[in-house]
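Peer 1: Residue numbers for the sequence shown follow this note's numbering, beginning at -19 and rising by one. Backbone N, C-alpha and C define an ideal beta-carbon position, used for all residues, glycine too. Can you read through this structure? Questions will come right after.
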Amino acid sequence: MTNVLRYGLIGAGMMGREHLRNIALVDEVEVVALADDFPESLERAAKYAPGAATHDSAEALLARDDLDAVVIATPNHTHVNVVPPAVEAGLHILCEKPLATTLDDARTLRDLGNASEKVFWVGMEYRYIPAVARLIAEVDAGTPGPLRMLSIREHRRSFLPKVRDWNRFNRNSGGTLVEKCCHHFDLMRRIVGREPVRIYASGAQDVNHLDERYHGETPDILDNAYVIVDFEGGVRAMLDLCMFAEGTADSDQISATGDTGKVECLLPGGVVRIGHREDRRVEESIALADPDAVDAGSHHGSTLEEHRHFAEAIRTGARPDVSADDGYLAVAMGLAAQQSIAEGRPVWMAELLG
-19 MTNVLRYGLI
-9 GAGMMGREHL
1 RNIALVDEVE
11 VVALADDFPE
21 SLERAAKYAP
31 GAATHDSAEA
41 LLARDDLDAV
51 VIATPNHTHV
61 NVVPPAVEAG
71 LHILCEKPLA
81 TTLDDARTLR
91 DLGNASEKVF
101 WVGMEYRYIP
111 AVARLIAEVD
121 AGTPGPLRML
131 SIREHRRSFL
141 PKVRDWNRFN
151 RNSGGTLVEK
161 CCHHFDLMRR
171 IVGREPVRIY
181 ASGAQDVNHL
191 DERYHGETPD
201 ILDNAYVIVD
211 FEGGVRAMLD
221 LCMFAEGTAD
231 SDQISATGDT
241 GKVECLLPGG
251 VVRIGHREDR
261 RVEESIALAD
271 PDAVDAGSHH
281 GSTLEEHRHF
291 AEAIRTGARP
301 DVSADDGYLA
311 VAMGLAAQQS
321 IAEGRPVWMA
331 ELLG
């Protein structure tokens, strides 16, 4: 392996292009090949990777012998077909979230990732949003005392259009609580530091996409939900998701409360507040990413930090920050929440995980 890491990208759509813009900011990393079966996406992506070869299939890209790593940013339901040959090719892999759309597929990819001798990384970039990373560090340091409650709120716009409208249907995306909220469930596990035991959710498709038709079908993706998660040790977490709240100032809020205090962050402003219970004092600071990182993507500058960590893991052999197990459990939590909504009951994680 030369000093410059040579990447391929499979999946040149919206998220694929965000990866390319951020990889361009990472030292000693070069994208040498792109693959997508949608010509317009491939053409749009090529301008972010000057000189990279283009291929119309993942198979053609993976047949190359000049790659160190591959970033997989294809539609969710295709990961189960794209990841195995990438593992077989002996490449380091960054697979976009969610790892898969079904529990069986997620389990298959988890096992492949864990068995690989290369870095297998699942793309949960929310961990690297500066304000979120600061909150995580404060909780890890014990600032709020023993954690008792965690709340995550995201009030945002509806899902954006995607190539071939794949994200309008649960069968392709895994459903909103997998496609979107795997990020939130990953954050819950990372912040709480324990495993989920039971999940109860209430949600529906009340506003978005109701008048859309694709090949005679109406989209079936949730646009709002509340999800309560009971963790080992009695810690509770809650997700509040709304996908029809475009007029929201602080679209994302995370609050971690313990015996002696509270840490919260607000996005996109990057506000971090630390509250002290004893004297009711509140400290406030701002944590924002470098403007170049913010301009390169739509995730508050976190994708660049994700790629820096991924490249460093390849060079040093360090464990991935977001492992195959992490990706698997984020999918399982989302599926458990959707099962809870469908069946109107709490779902024990043991029902899914055994």
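Any idea which residues DSSP pairs Phe211 with across the strands?
Peer 2: In DSSP, Phe211 forms a bridge with Pro176.
Peer 1: Assuming contact is defined by CB atoms lying nearer than 8 angstroms, are Ser282 and Tyr108 in contact in what I supplied?
Peer 2: Yes, they are a contact pair.
Peer 1: Looking only at DSSP bridge pairs, what is Gly125 linked to?
Peer 2: Answer is none; Gly125 lacks a bridge partner.
Peer 1: List the endpoints of the continuous alpha helix (DSSP H) containing Ile321.
Peer 2: Where Ile321 is concerned, the enclosing alpha helix (DSSP H) stretches over Ala304 to Glu323.
Peer 1: What is the residue span of the beta strand (DSSP E) that Val251 lies within?
Peer 2: Unbroken beta strand (DSSP E) run through Val251: Val251 to His256.
Peer 1: Where do the N-terminal and C-terminal ends of the beta strand (DSSP E) with Arg148 fall, by residue?
Peer 2: Arg148 -> no beta strand (DSSP E), and no H or E assigned at all.
Peer 1: Residues bridged to Lys242 by DSSP?
Peer 2: Paired residue(s): Thr237 and Gly255.
Peer 1: In the DSSP assignment, what residue or residues form a beta bridge with Arg133?
Peer 2: Beta-bridge pairing links Arg133 to Asp220 and Gln233.
Peer 1: Taking the beta strand (DSSP E) that Ser265 belongs to, which residues open and close that run?
Peer 2: Segment Val262 to Ile266, the beta strand (DSSP E) holding Ser265.
Peer 1: Are the Cβ atoms of Thr88 and His57 separated by less than 8 angstroms?
Peer 2: Contact: no.
Peer 1: Label Ile52 either buried or exposed according to how many other C-beta atoms from any shown protein chain fall within 10 Å of its C-beta, with 16 as the threshold for buried.
Peer 2: Burial call: buried.
Peer 1: In whole angstroms, what is the alpha-carbon distance linking Arg68 and Asp84?
Peer 2: The amino acid occupying residue 68 in the given sequence is Glu; Arg does not appear at that position. Approximately 20 angstroms between the Cα atoms of the pair.
Peer 1: Inspect the beta-carbon positions of Leu157 and Gly307 and report whether they are closer than 8 angstroms.
Peer 2: No, Cβ-Cβ distance for Leu157 and Gly307 is not below 8 angstroms.
Peer 1: Confirm, please, whether the CB-CB distance from Ile73 to Ala49 is below 8 angstroms.
Peer 2: Yes, Cβ-Cβ distance for Ala49 and Ile73 is below 8 angstroms.
Peer 1: Name the residue from Thr54, Leu(-15) and Arg(-3) whose alpha carbon lies nearest to the alpha carbon of Asp17.
Peer 2: Nearest of Thr54, Leu(-15) and Arg(-3) to Asp17, Cα basis: Thr54.
Peer 1: Rounded to the nearest angstrom, what separates Glu269 and Met(-6) at their Cα positions?
Peer 2: Checking the sequence shown, residue 269 turns out to be Ala, not Glu. Spanning the two alpha carbons is a distance of roughly 21 angstroms.
Peer 1: For the alpha helix (DSSP H) that His289 lies in, which residues bound it at each end?
Peer 2: Ser282 to Thr296 is the extent of the alpha helix (DSSP H) around His289.
Peer 1: My guess is that Met65 and Leu42 are in contact by the Cβ rule of under 8 angstroms, so how many angstroms apart are they, rounded?
Peer 2: Per the sequence shown, residue 65 should be read as Pro rather than Met. Contact holds; Cβ gap of about 5 angstroms.
Peer 1: Buried or exposed: Arg148, going by 16 or more other Cβ atoms within 10 Å of its Cβ?
Peer 2: Buried is the call here.
Peer 1: Determine, using beta-carbon pairs with one atom in the region 135 to 146 and one in the region 210 to 218, whether at least three such pairs fall under 8 angstroms.
Peer 2: No, because fewer than three Cβ pairs between the region 135 to 146 and the region 210 to 218 fall closer than 8 angstroms, the two stretches do not touch.
Peer 1: According to DSSP, simplified to helix, strand and coil, what is Arg(-14)?
Peer 2: Correct three-state label for Arg(-14): strand.
Peer 1: I need the DSSP call for Cys161, collapsed to helix, strand or coil.
Peer 2: Looking at Cys161 - three-state DSSP - the assignment turns out to be coil, as it is neither helix nor strand.
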